[in-house]
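Data block below; observations after.
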Amino acid sequence: MATWEDLHSYVVVRYEIVRQTADELRFRLPTTGDRTQLVVVKRIREAAARPGVEVTDAAAAVADPDQVWVQIESPVARLGDVDLAKALELAGPSVVGGLAAEEGVIVYRHSIPLGPAALDGFEFPFRQVVHLADELEQALTGRDEN
């Protein structure tokens, strides 16, 4: 069973961590040309309540309070700066992750459970989130701020 510490060991030899806390790792990765993209990897416990987010009875019924997830996310743009419908359409074809909003920022996000295959299943979505977020940022804003 892969743990958060296993994942940390896996990424620290492959990528330069620019900031870290007990439950979060931040990276700045090159994408295309001179562009770079911030990506954040977080440890999330399924049972952890988030402020302002109500968990429905149906969601609680299938939740596993012992399951730990890895959430990979990368900022795209500020919510008020882009056409949200266009952002959703551009993100639609991807088989990995999707768009979410957090603290006024549109992020591209994908989550995987930490488990036996977690390390094998990390690299592809990690790279996809980085590149898709960067492509969306460029298409929607024309800038390289994240």
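Position 112, counted from 1, in the sequence shown is what the working numbering calls 167; the numbers after and before it change by one each time, with no gaps. The C-beta atom is built at its ideal place from N, Cα and C for all residues, glycine as well. Model, not experiment: these values are computed from the prediction.
{"Item": "Looking only at C-alpha atoms, which of 121, 179, 138 sits nearest to residue 149?", "Value": "179"}
{"Item": "Does any C-beta atom of chain D lie closer than 9 Å to the C-beta of residue 96?", "Value": "Judged by its chain identifiers, the structure shown contains no chain D, having just a single protein chain."}
{"Item": "Quick check on residue 120: buried or exposed, where buried means 16 or more other Cβ atoms within 10 Å of its Cβ?", "Value": "exposed"}
{"Item": "In the DSSP assignment, what residue or residues form a beta bridge with residue 124?", "Value": "99, 168"}
{"Item": "In the DSSP assignment, what are the bridge partners of residue 65?", "Value": "Paired residues: none, contrary to the question."}
{"Item": "Candidates 176, 60, 194: which alpha carbon is nearest residue 142's?", "Value": "194"}
{"Item": "Go to residue 180, then tell me how far its alpha helix (DSSP H) extends in each direction, as first and last residue.", "Value": "178 to 196"}
{"Item": "Are the beta-carbon atoms of residue 84 and residue 97 separated by less than 9 Å?", "Value": "no"}
{"Item": "Could you name the residues of the same chain whose beta carbon sits closer than 7 Å to that of residue 74, not counting the 5 residues immediately before and after it, in chain order?", "Value": "81"}
{"Item": "Find the nearest neighbour of residue 71 within the set 100, 176, 183, 91, judged by alpha-carbon distance.", "Value": "91"}
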